[in-house]
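One structure below.
Protein chains: 2
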Amino acid sequence: MTRWLTPDEQRSWRAFLEAHRQVFAQLERQLAADHDLVHGDYEILVRLSEAADRQLRMSELAEATLSSRSRLSHAVARLEGLGWVRREACPDDRRGAYAVLTDGGHAALARMAPGHVDAVRAALVDRLSADDFADLGRICAQLLD
Amino acid sequence: MTRWLTPDEQRSWRAFLEAHRQVFAQLERQLAADHDLVHGDYEILVRLSEAADRQLRMSELAEATLSSRSRLSHAVARLEGLGWVRREACPDDRRGAYAVLTDGGHAALARMAPGHVDAVRAALVDRLSADDFADLGRICAQLLD
DNA sequence: CGAAGGTAGTTGAACTTTGAACTATTGAGC
DNA sequence: GCTCAATAGTTCAAAGTTCAACTACCTTCG
Chain A
1 MTRWLTPDEQ RSWRAFLEAH RQVFAQLERQ LAADHDLVHG DYEILVRLSE AADRQLRMSE
61 LAEATLSSRS RLSHAVARLE GLGWVRREAC PDDRRGAYAV LTDGGHAALA RMAPGHVDAV
121 RAALVDRLSA DDFADLGRIC AQLLD
Chain B
1001 MTRWLTPDEQ RSWRAFLEAH RQVFAQLERQ LAADHDLVHG DYEILVRLSE AADRQLRMSE
1061 LAEATLSSRS RLSHAVARLE GLGWVRREAC PDDRRGAYAV LTDGGHAALA RMAPGHVDAV
1121 RAALVDRLSA DDFADLGRIC AQLLD
């Protein structure tokens, strides 16, 4: 038997739904307007910049950015076109490939980061008390296995 | 000067990012697998079912579902194709149009709702204590103007 | 009234994402 | 060593979204 959501639960659920959508719409808009980039592609650059040697296997990168392998292939192709990422053959596993952040990509990320962080603050961080924001993080972390 | 995110803030921000993505991926998957529907279209049906006379102006519906007018046009076209929604001319404003939930659409929603609620519980509600879930709702509500 | 500008909604093209099919390579078990 | 299933990654077609026209109507104001 389905346990329906209580009115309170329903409100919470919708708030979660809409809060997320609103925050993301702002971030997507900012990145698209200022740098003509989708947020997912920005995230790829971030992950690569944090990785050792600024490179990751395609599948690690897919997992890190929670995107499908297919999406990642396309995204990396785009970023390769911009000269921000380069593919490199994997010596150990000849099926494999590394995505490597180029110097140009690193520089681009450095250019974009301030605007993005400002947007994250404006859309999320600065709209909550420090405690509430910390709680939000803690609760969301619990949702992730 | 950009105020960078502190490591704690960064963690919270990413948890929010990923929690949302994970929850939504599950919902999208369930609706797509069981009913071949994207979540956005499901939401349109929900909003219509809650509206007086089960109908809304296209632009009200767009706002309620936080989607662009264009997206809504396409989505309603899809739902019209399924026989779940019907467009109706607006008497007061001849530019306008109503989207109306048909009986078939209402029945379809009734069929889909239990599975969807189960999925929402599995992905979100039941993974948190009641208090945490309530907090999550409260905090998210604060993000919405 | 009539022009000008705004609003409602649709359309078509470009782009992104998805899922399935495909190639190539690896590894496990006999 | 061979065979066969599993893994890494790409590619293609189908589907959804976005953006920029575009049509149609309404409203404001000289």
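Going line by line, the protein sequences match chains A and B.
My numbering numbers the first residue of the first sequence as 1 and each following residue consecutively.
My numbering numbers the first residue of the second sequence as 1001 and each following residue consecutively.
Cβ atoms here follow ideal geometry from the backbone N, Cα and C, with glycine treated the same way.
- At a C-beta separation below 8 angstroms, R127 of chain A has these neighbours in chain B: Q1142, L1143.
- For A1119 of chain B, there are no C-beta contacts with chain A under 8 angstroms, since the nearest C-beta of that chain is about 11 angstroms from it.
- Not a single C-beta of chain A is nearer than 8 angstroms to the C-beta of A1097 of chain B.
- Using a Cβ-Cβ cut-off of 9 angstroms, E1050 of chain B is close to nothing in chain A; its nearest Cβ partner there is about 11 angstroms away.
- Under DSSP, R1003 of chain B shares a beta bridge with no residue.
- Contact between C140 of chain A and A1019 of chain B is confirmed by a C-beta separation of about 4 angstroms, below the 8 angstroms threshold.
- In this chain, the beta strand (DSSP E) harbouring R57 of chain A covers 55-57.
- In the structure shown, the three-state DSSP call for V76 of chain A is helix.
- Taking CB atoms only, A19 of chain A has a neighbour in chain B less than 8 angstroms away.
- When C-beta atoms of the region 1085-1104 of chain B are compared with those of the region 1005-1024 of chain B, fewer than three pairs fall below 8 angstroms, so the two segments do not count as touching.
- Taking 8 angstroms as the cut-off, the Cβ atoms of G1105 of chain B and L1079 of chain B count as close.
- Listed along chain B, the residues sitting closer than 7 angstroms to P114 of chain A by beta-carbon distance are T1002.
- If you draw a 10 Å sphere on the C-beta of A1123 of chain B, you find 16 or more other C-beta atoms in it, and that means buried.
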